[in-house]
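Each residue of the sequence shown is one higher than the one before, counting from 1 in full-length UniProt numbering.
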Amino acid sequence: MRWLLDTCTLSETICPQPHPGVVDWLRRHGDDAAVAAASFGEIRYGIACLPPSAKRNQLQAWANALAQQFDGRILDTDEVVWQQFGELKASLRAMGRMQDALDIVIAATALRHGLALVTRNTRHFEDTGIRLVNPWADAPGA
1 MRWLLDTCTL SETICPQPHP GVVDWLRRHG DDAAVAAASF GEIRYGIACL
51 PPSAKRNQLQ AWANALAQQF DGRILDTDEV VWQQFGELKA SLRAMGRMQD
101 ALDIVIAATA LRHGLALVTR NTRHFEDTGI RLVNPWADAP GA
């Protein structure tokens, strides 16, 4: 695996009109990508915040299908990830950058496994030391 898909990249796949750059990138690289378990937590949280509805049911079905699609490629948070998390959080704090904890867990997961992070939210991951790929903006072949 070479890539870690951020939550926003996963969420783009269910948009009524997903960004063509993301669709193309996933078509070319999706089989070589993994997902941090933390991203599934973010997705499940977003769904749980919705009132009971057809949309909520649709999103639950999508999340279940996504988990099956990435079976064997969902990266858990182990001791090394948590060590990276602590170091990253302290480093970012020293720079005056208070960052969302789950974003730091996702960055630590990418570091732990030597993966580039595929995200639209590149600003969230600046100064983490991970390679960032933005299929919303990057040229084809990234």
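Backbone N, C-alpha and C fix where the C-beta goes; we use that ideal spot for every residue, glycine too.
Ala34 and Leu4 closer than 8 Å at C-beta:
yes
Between the segment 62-80 and the segment 119-138, can you find at least three pairs of beta-carbon atoms closer than 8 Å?
no
Buried or exposed: which applies to Gln84, given that a residue is buried once 16 or more other Cβ atoms fall within 10 Å of its Cβ?
buried
Here's a check: name, in chain order, each residue in its chain whose Cβ is nearer than 6 Å to the Cβ of Gln99, leaving out the five neighbours to either side.
Leu92
Taking only the alpha-carbon atoms, compute the straight-line gap between Leu88 and Ile14 and give it to the nearest angstrom.
31 Å
With DSSP as the reference, please indicate the residues paired to Trp3 in a beta bridge.
Ala33, Ala116
Output the residue ranges of the beta strand (DSSP E) runs that lie fully inside the segment 75-141 and measure 3 residues or longer, sorted by chain position.
116-118
Would Leu75 pass as a contact of Thr128 if the rule is Cβ separation under 8 Å?
no
Rounded to whole angstroms, how far is the Cβ of Ala38 from the Cβ of Val118, which I believe are closer than 8 Å?
About 15 Å; that fails the 8 Å criterion.
With distances taken Cα to Cα, identify the nearest neighbour of Tyr45 among Asp24, Met95, Met1, Leu102.
Leu102
If you draw a straight line from the alpha carbon of Ser11 to that of His19, how long is it in whole angstroms?
11 Å
Let me know the secondary structure DSSP gives Asp24 once reduced to three states.
helix
When you compare only the Cα positions, how much space is there between Asn57 and Leu111?
34 Å
Do Glu42 and Thr9 have their C-beta atoms within less than 8 Å of each other?
no
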